[in-house]
Amino acid sequence: MTPQLKGPEDYSSNPSTIRARRRKDKLQGGAKVLDHAKMADYKALIDARKAVQKKDEYKKATKPMQEQMLTEAMASTMEKRFMANNGPMPPAPHQAYPVSSSPSLFVNHPMTTMSAPFHTIPNPPPPAAHFPRTSTATADGNMPGGGDVDSIRSILENLVPAVRNVTRHVDNLHTQVGQLRQELCAHTNRAGETDTKVVQAENDVQVLTSETVPQLWEALSKLETAVSGIETKVGQGSDAEMTKMRGVMRGFQDALNSAGGYN
């Protein structure tokens, strides 16, 4: 009895999820293989990021270094997956191994005759692959999906250099961002020092205004009072002496006049 498949509505009530599942159900041929490949690459990249994030070096590194480690891990993962799935093509089944050493190549076929044509034998999945590969051509000359495989390979061959270029650009951007952060930190430190000096100057001005200036005014008032007192005392003394000298000179003049003057 054929099991009944669930519809997209049975997996989730999210409209976006339902539309995505319906879109995947409608894929056929190479488009379906390409979708499986993209999902497998996405899962492999997520696993690579998680593996890097568990390392102690990642936890101790700075933010730019962490981004660089993740980018390098993803690029290395994509390169390994490309090489694992696009390496040398395996030989044909009738050329791969002797009959005595690999009897499993001819499962369900009698070994007494070679007149029966070979049938398609699926390749074992590679260790790093999560998407199906097409079967190898046999003596019948059948190569299912050959055009789709070639198109996928050409896409992947163009994808690896693109990923490397993106990785380089991302590294350059991380370097520039790191430099900008350093400059911003330096400007922030200088601005903080300037703010500290301004606050200190404001405090000094406030102290001068509230304490030193009144004291100076008070001292100046005392000095003016003392100078006024000295001027008063000096002025009175000099006037008295001048008066006495005038009196003495008048006395000399009167004496001279009474004696006949200077003549």
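Just so you know, the sequence shown maps onto residues 1 to 263 in UniProt numbering.
Virtual Cβ for every residue (Gly too), placed ideally from N, Cα, C.
Can you tell me whether residue i is helix, strand or coil according to DSSP?
| i | result |
| --- | --- |
| threonine 120 | Low local confidence applies: a pLDDT of 45 at threonine 120 is under 50, so the model's placement there is unreliable, with the coordinate-based value given in what follows. Residue state, collapsed to three classes: coil. |
| alanine 61 | coil |
| alanine 259 | coil |
| serine 154 | helix |
| glycine 29 | coil |
| aspartate 140 | Confidence at aspartate 140 is low in this model, with a pLDDT of 41, below 50, so its placement is unreliable and no value can be given for it. |
| asparagine 165 | helix |
| serine 12 | coil |
| lysine 244 | helix |
| lysine 197 | helix |
| lysine 43 | helix |
Does the Cβ-Cβ distance between residue i and residue j come in under 7 angstroms?
| i | j | result |
| --- | --- | --- |
| methionine 78 | valine 163 | yes |
| threonine 167 | alanine 75 | yes |
| phenylalanine 82 | valine 198 | no |
| threonine 71 | valine 170 | yes |
| valine 52 | alanine 73 | yes |
| glutamine 66 | tyrosine 58 | yes |
Could you tell me how far apart the beta carbons of residue i and residue j are, in whole angstroms, since I believe they sit closer than 8 angstroms?
| i | j | result |
| --- | --- | --- |
| serine 151 | glycine 29 | Wrong, their Cβ atoms sit about 10 angstroms apart, outside the cutoff. |
| proline 64 | histidine 174 | 5 angstroms |
(message) Count Cβ pairs between the segment 15-29 and the segment 47-62 that sit closer than 8 angstroms; are there 3 or more?
(response) No, they do not touch.
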